[in-house]
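FYI, in mature numbering (1 follows the signal peptide of the UniProt record, and there is no 0) the residues of the sequence shown are -30 to -1, 1 to 276. Everything on this sheet refers to the single structure shown next.
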Amino acid sequence: MGRGGMPAMGAMWGLLCVCVSALLPLAVVGAPNGAAVESVPGFSGTLPSKHHAGYVSVNDTNGRELFYYFVESEGNPATDPVVLWLNGGPGCSSFDGFIYEHGPFKFEPAADSNSLPKLTLNPYSWSKAANVLYVDSPAGVGFSYSKTRGDYITGDLQTALDTHAFLLKWFEDYPEFQKNPFFITGESYAGIYVPTLSRNVAHGITAGVKPVINFKGYMVGNGCTDDQFDGDAIVPFIYGMGLISMDMYKGVQKACNGSYWNATDQTCLAKLNDIYDVLVIVLNFIFGLIMFISTEISYYIVIIVI
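This is how it looks when you write it as structure tokens:
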């Protein structure tokens, strides 16, 4: 299924999908106008820009469908970049980014236990300057699904192939955005998704695959790359952020010889446990401060500012 309407949605996953269920069902216009979202439950007033939602088939034989939610730019949609957003996990819906990070809405807490939270506009939304495309990937994550249960056993290479297939069909469905600069972005396990997808997109452009995607680059935040590489980087990062003393850092560096991931030496493990004990105190203090000053804005924004 392409730009047209949405079929019945499957079971919702986890707490995030409980939150998302407050956002959906959406008022959707059918073909030929695609899946234009006209209103969102919990939000009063006119949407700040055009919104679209629907499914794109990436495997017609197996019935594998990826769900998307597209927010047009509040600036100039015709020329502003198209930014694909992928959350990580693996297994995390990209609605996590939509709801809690840089989507067009933020939650206003419920007045009491008998009422529901309300949605208000997020002044820091990425859609202030870009067209943002949120995609649940791979099939089985969020609202994306397959009619073939075996599709839920997958891997990074298949995920990249499916998301590339999604993009090609999506740009066919939305040809007005084919000339816009296109960026692939994500966080956490998207440190795997983003570069593998970017490689496929770049190879597709070189091979002359149509439609041509105006690919300009990719961005990864807090990215997962490799267990050993990432694991050994944690201690230097902690020290670089000023969370432990120089003496503590030098001690663990000497005891572990710079290799912290899957350490087995008892002296090294003891030093790592000392760091953990300090972090529990320091990070709880920092996070408590963030929550105290972020009553009116997302604590993600406060973390970025700090």
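Using N, Cα and C, we set each Cβ at its ideal position, and we do this for glycine too. If you're wondering where the values come from, they're calculated on a predicted model, not measured in any experiment.
Query: Classification of A81 by the beta-carbon crowding that lies within 10 angstroms, buried from 16 upward; Result: exposed
Query: Supposed contact pair N184 and K149 - C-beta distance, whole angstroms, cut 8 Å; Result: 6 Å
Query: Neighbour-count burial assignment, I175, 16 or more Cβ in a 10 Å radius; Result: exposed
Query: Cβ-based neighbour list, P60, same chain, cut-off 6 Å, excluding 5 preceding and 5 following; Result: Y159
Query: Coil, strand or helix - V179 by DSSP; Result: coil
Query: Opening and closing residue of the alpha helix (DSSP H) in which I208 lies; Result: 197 to 210
Query: Spatial distance of E146 from D30 (CA atoms); Result: 25 Å
Query: Residue span of the beta strand (DSSP E) that contains Y188, given as start and end; Result: 185 to 191
Query: Burial state of S116, where buried means 16 or more other Cβ atoms lie within 10 Å; Result: buried
Query: Rounded straight-line distance, which links the Cα of L249 to that of M216; Result: 14 Å
Query: For Q236 and P47, the rounded distance between their alpha carbons; Result: 58 Å
Query: Candidates F152, K20, W140, of which the one nearest V53 by Cα; Result: F152
Query: Own chain partners of Q223 with C-beta closer than 7 Å, once the 5 adjacent residues on each side are dropped; Result: none
Query: Contact set for G15: own chain, Cβ-Cβ below 7 Å, skip 5 residues either direction; Result: none
Query: Pair within 8 Å by beta-carbon distance, F13 and L89; Result: yes
Query: Beta-carbon proximity check, I64 vs D106, cutoff 8 Å; Result: Looking at the sequence shown, residue 64 is not Ile but Ser. In this structure, D106 lies closer than 8 Å to S64 by Cβ.
Query: Range of the contiguous alpha helix (DSSP H) that encloses L138; Result: 126 to 143
Query: Residues that DSSP places opposite E157 in a beta bridge; Result: G191
Query: CA nearest to the CA of S97, picked from A109, W55, F77, S43; Result: S43
Query: Endpoints, alpha helix (DSSP H) assigned at F65; Result: 65 to 70
Query: Assigned exposure category for P206 - 16 Cβ within 10 Å defines buried; Result: exposed
Query: Own chain residues within Cβ distance below 6 Å of Y163, not counting five before or after; Result: L56, G156
Query: Where N232 sits in the DSSP three-state scheme; Result: coil
Query: Beta carbon of L213 nearer than 8 Å to that of Y230; Result: no
Query: Per-residue burial, N232 [other beta carbons within 10 Å of its own, 16 or more giving buried]; Result: exposed
Query: Start and end residues, beta strand (DSSP E) containing K88; Result: 88 to 91
Query: Cα-Cα separation, G118 to Y94; Result: The question names Gly, but residue 118 is Thr in the sequence shown. Using only the alpha carbons, I get a separation of about 39 Å.
Query: Proximal residues to V179 (C-beta, below 8 Å), its chain only, five neighbours per side dropped; Result: L138
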